[in-house]
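S.K.: Everything in the sequence shown is counted per the numbering used here, starting at 8 for the first residue and increasing by one.
From the three backbone atoms N, C-alpha and C, an ideal C-beta is built for every residue, glycine too.
None of these values were measured; they are calculated from a predicted model.
Starting off with a structure, shown below.
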Amino acid sequence: MKRDNYECQRCKKRGLYARANCVHHIQYVKDVPTLALTLSNLESLCNPCHNKEHNRLPNQKTVKSKRLL
């Protein structure tokens, strides 16, 4: 986040400003664990951009499916 001046990089690309709240792994750690701490694989994002990246909505609740008998 320090490298990105604590600014959301997605917002910045669109000419906007938002304070970054988290660090996003461009290539997911579960897929490529060797890149977990590689700076070129990290980008600072605000929570809305991070949620959009993972197709999550704010305050989204997980829905458990009911098993049919």
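#1: Reducing DSSP to helix, strand and coil, say where C29 ends up.
#2: Tell me whether the stretch 38–45 and the stretch 12–21 touch, counting them as touching only if at least three CB pairs, one residue from each stretch, are closer than 8 angstroms.
#3: In terms of residue numbering, what span does the beta strand (DSSP E) encompassing E14 cover?
#4: If you reduce the DSSP assignment to three classes, tell me which class L49 lands in.
#5: Pull up the CB-CB distance for R4 and C53, whole angstroms please, since I reckon it's below 8 angstroms.
M.R.: Straight from the coordinates:
#1: Residue state, collapsed to three classes: strand.
#2: Fewer than three pairs of CB atoms, one per stretch, sit closer than 8 angstroms, so the stretch 38–45 makes no contact with the stretch 12–21.
#3: First-last for E14: undefined, no H or E at that position.
#4: If DSSP states are grouped into helix, strand and coil, L49 belongs with the strands.
#5: There is simply no residue 4 to check, as the chain begins at 8 and stops at 76 in what is shown.
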